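Worksheet: the structure to be examined is printed underneath.
There are 2 protein chains.
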Amino acid sequence: MNLDKRTRSLVDYLAAAADLDSAASVLHWDHQTYMPPGGVGSRAEALATLSRLSHDITASNETARLIDAAGDPEPGSDAEAVVRLARREHERATKLPSRLVAETSRATTIAEPAWRRARADQDFRALVPHLRNILDLQREIAECLGYEDHPYDALLDRYEPGAKKARLEPIFDELKRGTADMVRAVAAVSDDRTAPLRGAFDEGRQEAFGRSIASAFGYDWGRGRQDRAPHPFCINFGGPGDVRITTRYDPACLSPALFATLHEAGHALYEQGVDPTYTRTPLSGGVSLGIHESQSRLWENVVGRSRPFWNHFYPRLQEAFPEALGGTSPEDFYRAINAASPSEIRVEADELTYNLHVVLRFELEVALVEGSLAVPDLPEAWNAKMEEHLGITPKDDASGVLQDDHWAIGYFGYFPTYTLGNILSVQLFETALKEHPGIPAQMERGEFTSLLAWLRENIHRHGKKHDPEALVEKATGRPPDTTPYLNYLREKFGALYDF
Amino acid sequence: MNLDKRTRSLVDYLAAAADLDSAASVLHWDHQTYMPPGGVGSRAEALATLSRLSHDITASNETARLIDAAGDPEPGSDAEAVVRLARREHERATKLPSRLVAETSRATTIAEPAWRRARADQDFRALVPHLRNILDLQREIAECLGYEDHPYDALLDRYEPGAKKARLEPIFDELKRGTADMVRAVAAVSDDRTAPLRGAFDEGRQEAFGRSIASAFGYDWGRGRQDRAPHPFCINFGGPGDVRITTRYDPACLSPALFATLHEAGHALYEQGVDPTYTRTPLSGGVSLGIHESQSRLWENVVGRSRPFWNHFYPRLQEAFPEALGGTSPEDFYRAINAASPSEIRVEADELTYNLHVVLRFELEVALVEGSLAVPDLPEAWNAKMEEHLGITPKDDASGVLQDDHWAIGYFGYFPTYTLGNILSVQLFETALKEHPGIPAQMERGEFTSLLAWLRENIHRHGKKHDPEALVEKATGRPPDTTPYLNYLREKFGALYDF
């Protein structure tokens, strides 16, 4: 990374904020993995202080002065990206009054346990005042951050820089139209193909097998580790040198831990592949949630639910679980991990129907933000959309509108990044395949070097240097495009479900 | 904790420094337990930033202003202690120029690996330039911090507030004189009594047994946990709510992990017992290394190497390790864990000879600081002192002057706190015993409630409120006193070695 002296001054000044953020990540990781219950109070205080001090540095007059002093570095240079990102973060930090940040933090801290209770009690009405309050705050945030076309854009931009509602709508329409007949076709099939995934699966062996796949992908254990946590996640501590993943194990079912490990390893490969000289600069880390999800989904689904992959790994999996899988043919296993059917719960949905869960949430949260839908009417609207998109009605609100915590914790504009990731996972994979036609043959041997090398070169190493859409265009020659993804779904599920 | 409004303002302002320190503790803990090798670089940067920002708050003009504004609260009140400690920390932080802090940090960061190499290579001369540099910096630190009688006092005071060289010398002389004949007596016995501690000791069973003792002591696992680390330690994350211990296991020897667990549990009981309302204030945490060591040594030695304790636990230990210990009588086990003889290595020394290792280091570091001993002459001086105090000459420098890293990392004035802890452990235990004569009978039943309650009331809950010597006087009615400790040693080892 070559920086002129003035941009270097800016980077040096902001490095303390990066350090505070990386310390906060360690505290978050510990919170989710090892912290005893007694640590909750002090941990919340410590995290609040780290976040406040980091914000103070980003929002400071000194940062503004150093950004101005850095001028306009050469377009396309690292320096230009540093100044652009520093300016964006500085503006975001100064646009939000600290009163609003604190109120949002307080409101979501209260709403999260309220959401848990509401879900347990099947009582959406108890959550209504919380959601109303949070929605009001989100609208205020959108006004503070500013937008050209729609307040939703301001919220979305926090997770996917440059994305817009008007740009997502045609993409989501294409997905709806492109998958409607496929969803109807799988819905008409009534057999349960997932039985092979249930049985006795020793946790230690699950862990060892998951680790062996992460290693084969190229995950570097010298710069990471895997621990157990209630919810699987990937986190990095300020650069590619320490990128950790977590998972949880179900001794009665193989798939949750297995695919969570592949998924989180995909996120981790991205972070481990960022140019190490970007560490402690604004260019460090993955550029957006959508690009991040493209990496996790690529390794979890496009690779990890494919025939070539399991041609290599299934005999090894059978060896690890001879009793549970000894009698299951490779074909039955492949059909089990790719079983598709409309279902209630997003996080358990298959590749084919998953995006309809996202489209539903996108449509509802846009309506909430623009005021055309009122919070108390959400359960009814949810169930109507479920019927419209997936042809089913949730048996209750816990399996419906109360299943996700995103809105209760203020994550409006977050859901679309899941589907962007799915679309991009195939678009990127196909481009890699064109340049390295040997990738499937490598996968048949349990090798992933060409695929990883292509991703490293075209996605990972750039960190936050290019905005998401520019990065995709640079890597694939065109903007995000649903065509490869829809073709992939039709080919894969057409073969599995005879349509 | 009752604070007037002005002292509350001071506490609130300093809370951010406490949060930064508690975050740094999490990063240190992770560094020692789970961090992959790739995390070293970013971790060092993050820790340096946390430390710098905490220092900036403590040293700030705003802190000075708030201390002045707090005035002179009522003597003996929490507010008075807050102001006294805040002033001391502020003065310490402002007296040391940041150039000196940074140079010391840099010098010790380089010297630590140099010490490792020197020890491995048996090459003290390679360490000489590093030690010279660090000694110069320590002298400069002493001048900056200021002292009344001797520069060593300024260094010592960092670890044991209020302690002085002139106060330690008579204590150490009493120990030397009081143990000389006992050390000669055990040196004359040539049998090795430690054989029962060696054998096959499954690590999982060692861990379970150690946990059961920590639980019996009263360690609260809801406010702590135990992990593995290369060097056992205890650490707290900003209050009594999260106090963790670590240990390491030797599958061929029982004693290292067992007594390390008892030792660290002793430290942890102290931290878990501090008044929770002191959290995020200057009164939080143990008051000094000497008092801390009194707690760890009390549980490790006075309790954990006693007959009443093992009358209860030895049958359980035999049950856990029937093959290794089935043939060892309780008496032989008791003699094994209390085997004494002059030896080369401090951390492996028994209760009787341990303090002579400390006296030796104290005498040498005082001589180094005042300039009467030159760094290159250290190995010769070391060996002469070993002969003088323990009657042996180390076989090489790795077993001699190079065994500890303290000087290489700038810990001048640290060693005496180990011996202060030993002395106080017995002084405190005997006072508790006078007030609760049933303690030994409780120990015979594996119960420690009266002992813990006495320590909680008289030591733990006070945190840093009283300076160490005042705390000891308050708890025992007199200043640190070697008499109970020397009597304890004579009674215990006289019975074991027939003198």
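As given, the protein sequences belong to chains A and B, one line each in that order.
If you read the first sequence in the numbering used here, its first letter stands for residue 1, the second for the next number, and so on.
If you read the second sequence in the numbering used here, its first letter stands for residue 1, the second for the next number, and so on.
In this text, a Cβ means the ideal position worked out from N, Cα and C, and glycines have one as well.
What you are looking at is a predicted structure, and each value in this text was computed from that prediction instead of being measured.
Could you pull out every residue in the same chain whose Cβ sits closer than 8 Å to the Cβ of residue i, ignoring the five residues on either side in sequence?
i, result
"ASP202 (chain A)", "PRO251 and PHE321"
"GLU365 (chain B)", "TYR152, TRP407, PHE412, GLY413 and PHE415"
"GLU112 (chain B)", "ASP405, ALA408 and ILE409"
"ARG141 (chain B)", "What sits at residue 141 (chain B) in the sequence shown is Ile, not Arg. Excluding positions up to five away in sequence, the list reads LEU96, LEU100, THR104, ALA154 and LEU155."
"ASP149 (chain A)", "LYS164, LYS165 and ALA166"
For a contact defined as C-beta to C-beta under 8 Å, what are the partners of residue i on chain A?
i, result
"TRP221 (chain B)", "PRO36"
"ASP173 (chain B)", "Chain A residues near ASP173 (chain B): none, gap ~43 Å exceeds 8 Å."
"ASP72 (chain B)", "The contacting residues do not exist; ASP72 (chain B) stays about 29 Å from chain A at best."
Can you list, in chain order, the residues of its chain with a C-beta nearer than 7 Å to that of residue i? Leave out the 5 residues immediately preceding and following it.
i, result
"HIS31 (chain A)", "ARG43"
"THR328 (chain A)", "PRO196"
"PRO379 (chain B)", "PHE124, ASP397, GLY400 and VAL401"
"LEU317 (chain A)", "PHE209 and LEU325"
"GLY285 (chain A)", "ASN236, GLU271, VAL274, GLY463 and LYS464"
"ARG139 (chain B)", "PRO151 and VAL369"
"PHE493 (chain A)", "MET182, VAL186, ALA340 and LEU352"
"ALA268 (chain B)", "TYR219, GLY224, CYS234, VAL243 and ILE245"
"ARG198 (chain A)", "ALA252 and CYS253"
Using a Cβ-Cβ cut-off of 7 Å, state whether residue i counts as contacting chain C.
i, result
"ALA126 (chain A)", "Absent here is chain C; the protein component of the structure consists of chains A and B."
Which residues in chain B sit within 8 Å of residue i, going by Cβ to Cβ distance?
i, result
"THR482 (chain A)", "Chain B residues near THR482 (chain A): none, gap ~37 Å exceeds 8 Å."
Can you find the residues in the same chain that come closer than 6 Å, C-beta to C-beta, to residue i, ignoring five residues on each side of it along the sequence?
i, result
"ARG132 (chain A)", "VAL375"
"ASP467 (chain B)", "PRO161 and GLY162"
"SER306 (chain B)", "none"
"ALA126 (chain A)", "ALA118"
For residue i, which residues in chain B fall below 7 Å Cβ to Cβ?
i, result
"THR261 (chain A)", "Within chain B, no residue comes near THR261 (chain A); the closest Cβ sits about 17 Å away, beyond 7 Å."
"GLY224 (chain A)", "PRO36"
"ARG280 (chain A)", "GLU45"
"ASP511 (chain A)", "Residue 511 (chain A) falls outside the range modelled here, since chain A spans only 1 to 499, and no answer is possible."
"ASP250 (chain A)", "Within 7 Å Cβ-Cβ: nothing; ASP250 (chain A) doesn't reach chain B, min ~24 Å."
Run through chain A and tell me which residues come within less than 7 Å of residue i, C-beta to C-beta.
i, result
"ASP275 (chain B)", "Those do not exist, as ASP275 (chain B) stays about 14 Å from chain A at its closest Cβ, beyond 7 Å."
"ASP4 (chain B)", "Residues of chain A passing the Cβ test: none, with the nearest at roughly 22 Å."
So with CB distances below 9 Å, who are the chain B contacts of residue i?
i, result
"ASP397 (chain A)", "Neighbours of ASP397 (chain A) on chain B: none; closest Cβ ~33 Å, over 9 Å."
Which residues in chain A sit within 9 Å of residue i, going by Cβ to Cβ distance?
i, result
"ASP68 (chain B)", "Correct list: empty, because the minimum Cβ distance to chain A is about 24 Å."
Interfacial residues, the stretch 10 to 28 of chain B to chain A, with Cβ spacing under 8 Å
ALA15, ALA16, ASP19, LEU20, SER22, ALA23, ALA24, VAL26 and LEU27
For the stretch 191 to 245 of chain B, list the beta strand (DSSP E) runs that are entirely contained and at least 3 residues long, ordered along the chain.
226 to 228 and 234 to 236
Entirely within the stretch 81 to 147 of chain A and at least 4 residues each: give me those alpha helix (DSSP H) ranges in chain order.
98 to 121 and 124 to 145
Could you check whether the stretch 59 to 71 of chain B touches the stretch 260 to 276 of chain B, counting it as contact only if at least three pairs of C-beta atoms, one from each stretch, sit closer than 8 Å?
no
Residues in the stretch 34 to 66 of chain A having any Cβ partner in chain B nearer than 9 Å:
TYR34, MET35, PRO36, PRO37, GLY38, GLY39, VAL40, GLY41, SER42, ARG43, GLU45, ALA46, LEU47, ALA48, THR49, LEU50, ARG52 and LEU53
Please identify, using Cβ separations under 7 Å, the residues of the stretch 227 to 247 of chain A that lie next to chain B, in order along the chain.
PHE237, GLY238, GLY239, GLY241 and ASP242
Mind the definition here: the stretch 156 to 175 of chain A touches the stretch 217 to 226 of chain A only if three or more C-beta pairs lie below 8 Å; say whether that holds.
no
I want to know whether the stretch 229 to 248 of chain A touches the stretch 276 to 284 of chain A - three or more CB-CB distances under 8 Å.
yes
Counting pairs of Cβ atoms below 8 Å between the stretch 420 to 438 of chain A and the stretch 295 to 315 of chain A, do you hit three or more?
yes
The stretch 383 to 396 of chain A in contact with the stretch 432 to 451 of chain A per 3-pair CB rule at 8 Å:
no
Which runs of the alpha helix (DSSP H) at least 4 residues long sit entirely within the stretch 441 to 492 of chain A? Give them in chain order.
449 to 458 and 468 to 476
For the stretch 360 to 382 of chain A, which residues have a beta carbon sitting closer than 9 Å to at least one beta carbon of chain B?
none
Assess contact between the stretch 35 to 51 of chain A and the stretch 72 to 84 of chain A, defined as three or more Cβ pairs (one per stretch) separated by less than 8 Å. Is contact present?
no
Give me the subset of the stretch 450 to 470 of chain A whose CB atoms are less than 7 Å from a CB atom of chain B, sorted by chain position.
none
Given a limit of 9 Å on CB to CB distance, which residues of the stretch 181 to 202 of chain A reach chain B?
none
Mind listing which residues of the stretch 138 to 155 of chain B have their C-beta closer than 9 Å to chain A's C-betas, in chain order?
none
Going along the chain, which unbroken runs of the beta strand (DSSP E) with 3 or more residues stay wholly within the stretch 259 to 339 of chain A?
none
Enumerated in chain order, which unbroken segments of the alpha helix (DSSP H) with a length of 4 residues or greater are wholly contained in the stretch 15 to 65 of chain A?
40 to 59
Identify each residue in the stretch 325 to 351 of chain B for which the Cβ-Cβ distance to at least one residue of chain A is less than 8 Å, and report them in chain order.
none
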